[in-house]
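Student:
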Amino acid sequence: MFVSTVLVFVTDLAARLLGNRLFRQHFHLLLSAAVLFGPALSFWVSPHSVFARKSHFLYRLFLRSGWGWTCIFVGSFIFLFSFSIRRSLSVSVRHLSRLVVAGGLWIGFCKLLDLLENATGSCYETLSAGPEVSNGQPLLVLREGESRSECLRAGMLWRGYEVSEDVFLLCLCCLLLAEETAVFGPYLSLGGVSDAPLRILFLFCVLLLGLWIFLLFCLLAYFPQFPTQLLGGALGCLSWRALYQGWYRLGPNWFCPGRPGQGLLNPKTRTSQEEDLLNHNHHN
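Residues 301 to 584 in this note's numbering are what the sequence shown spells out, letter by letter.
Right, dumping it as structure tokens:
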């Protein structure tokens with residue numbers, strides 16, 4: 301009983317925060333400010349911290365498979381949330397298709413960014429035993445005619461026009477998590493019934509959102525790369541805006557999955573207040 305009470309209290313509190321109108325309106329602005337000013341944290345963090353090593357288990361376990369973790373938890377929440385309300389597999393699949401669209405967008409942009417880096421880059425050989433420039437960095441010698449794959453296989457450096465895929469992924473996942481879980485607060489405020497499995501999945505999504513924000517600050521503070529991280533964050537925010545603030549507002553139809561939570565309440569009991577809470581028209 302105590303555990304159940306704590307679960308209800310914590311999930312209700314998190315649902316009210318994520319469903320709050322001010323939070324939904326300004327979360328993308330807070331994320332943008334973090335990407336813009338986050339590299340300034342590098343002046344205060346210690347280079348000897350465990351988070352200053354890319355081999356840290358959080359980076360290896362979560363960052364390299366960030367989209368997979370997001371799909372597992374958010375997908376499970378979306379399916380259980382929609383199916384428990386409507387008992388319709390087609391409705392659940394329609395809402396899950398938002399993850400498929402975002403995943404396709406993520407893969408497509410990664411391919412384009414990889415092509416951009418290959419087209420604009422050059423191969424450099426590091427002369428570790430040779431002279432060093434004034435800032436202490438080893439001298440780099442340009443190697444003509446090397447492709448990116450050949451360059452990396454030979455243990456040399458490839459320098460091209462880069463956009464941080466890690467920051468892009470983290471920003472996109474944070475915004476997606478905030479959008480997909482924000483509907484739980486209005487649902488509870490309207491008297492919606494939720495059992496323990498749904499609340500636990502929602503709590504896992506909230507914890508995952510907190511983890512992605514923490515890893516984003518770690519990347520910005522311990523591995524600052526300007527402007528590649530800024531471009532990655534901008535690409536993530538633009539992707540979110542194009543999907544959730546653009547396409548998904550067209551409403552559910554054969555070519556659009558609709559907004560999170562749209563069409564999940566019983567039409568017989570839907571009121572104008574419910575429409576205002578669930579339509580997510582909060583970014584205008």
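Where is the CB? At the ideal position from N, CA and C, for every residue including glycine.
Who does Cys-505 pair with in a DSSP beta bridge?
Tutor: Cys-505 is not bridged to any residue.
Student: Thinking C-beta only, is Ser-539 closer than 9 angstroms to Phe-327?
Tutor: In this structure, Ser-539 does not lie closer than 9 angstroms to Phe-327 by Cβ.
Student: Suppose you measure from the CA of Pro-497 to the CA of Ser-489; what does that come to, to the nearest Å?
Tutor: Approximately 19 angstroms, taken between the alpha carbons.
Student: Could you tell me if Thr-370 is buried or exposed, where buried requires 16 or more neighbouring beta carbons within 10 angstroms of its beta carbon?
Tutor: By the 10 Å Cβ count, Thr-370 comes out buried.
Student: Are the segment 545-565 and the segment 415-425 touching by the rule of at least three beta carbon pairs closer than 8 angstroms?
Tutor: The segment 545-565, when compared against the segment 415-425, does not touch it at the 8 angstroms Cβ threshold.
Student: Start and end of the alpha helix (DSSP H) containing Trp-369?
Tutor: Note, Trp-369: alpha helix (DSSP H), 366-386.
Student: Rounded to the nearest angstrom, what separates Gly-492 and Pro-527 at their Cα positions?
Tutor: If you take the alpha carbons of Gly-492 and Pro-527, they lie about 45 angstroms apart.
Student: Ignore the nearest five residues each way along the sequence and tell me which others in Ala-542's own chain have a CB closer than 7 angstroms to its CB.
Tutor: Closer than 7 angstroms at the Cβ level, and outside the excluded window around Ala-542, lies no residue.
Student: Does DSSP put Asn-553 in a helix, in a strand, or in coil?
Tutor: Here Asn-553 sits in strand by DSSP.
Student: Taking DSSP as the reference, what is the three-state secondary structure of Val-401?
Tutor: Val-401 falls in the helix class under three-state DSSP.
Student: Three or more C-beta pairs closer than 8 angstroms, one from the segment 467-481 and one from the segment 506-519: is that the case here?
Tutor: Yes, they touch.
Student: Sorted by chain position, which residues of the same chain lie with C-beta nearer than 7 angstroms to Val-441's C-beta, five sequence neighbours on each side aside?
Tutor: Tyr-424, Glu-425, Leu-427.
Student: Please confirm if the segment 504-511 is in contact with the segment 365-379, defined as three or more CB-CB distances below 8 angstroms between the two stretches.
Tutor: In short, these stretches touch, since the Cβ pair count reaches three.
Student: Between the segment 396-404 and the segment 372-386, are three or more C-beta pairs nearer than 8 angstroms?
Tutor: The segment 396-404 is in contact with the segment 372-386.
Student: In the structure shown, what three-state DSSP assignment does Tyr-461 receive?
Tutor: Residue state, collapsed to three classes: coil.
Student: According to the neighbour-count rule (16 or more other Cβ atoms, all chains shown, within 10 Å of its Cβ), is Trp-458 buried or exposed?
Tutor: Counting Cβ neighbours within 10 Å, Trp-458 comes out buried, since at least 16 surround it.
Student: Nearest to Val-483 by alpha carbon, out of Phe-523, Leu-452, Pro-524, Phe-323?
Tutor: Ranking the options by Cα distance to Val-483, first place goes to Phe-323.
Student: Whole-angstrom Cβ separation of Thr-311 and Phe-502, contact assumed at under 8 angstroms?
Tutor: Confirmed, Cβ separation roughly 6 angstroms.
Student: Would you tell me roughly how many angstroms separate the C-alpha atoms of Val-463 and Gln-529, rounded to the nearest one?
Tutor: Spanning the two alpha carbons is a distance of roughly 7 angstroms.
Student: Identify every residue that forms a DSSP beta bridge with Val-441.
Tutor: Beta-bridge pairing links Val-441 to Glu-425.
Student: For Val-265, count the other beta carbons within 10 Å of its own beta carbon; 16 or more makes it buried, fewer makes it exposed. Which is it?
Tutor: This structure does not reach residue 265, given that the chain is present from 301 up to 584, and the question cannot be answered.
Student: Taking Asp-466 as the reference, which of Pro-524, Glu-450, Gly-561 has the closest Cα?
Tutor: Per the Cα distances, Pro-524.
Student: How far does the alpha helix (DSSP H) with Gln-357 in it extend, from its first residue to its last?
Tutor: Note on residue identity: the sequence assigns Phe, not Gln, to residue 357. Where Phe-357 is concerned, the enclosing alpha helix (DSSP H) stretches over 357-361.
Student: Whose CA, out of Gly-319, Leu-317, Ala-315, Leu-331, lies closest to the CA of Gly-533?
Tutor: Among Gly-319, Leu-317, Ala-315, Leu-331, the Cα nearest to that of Gly-533 is on Leu-331.
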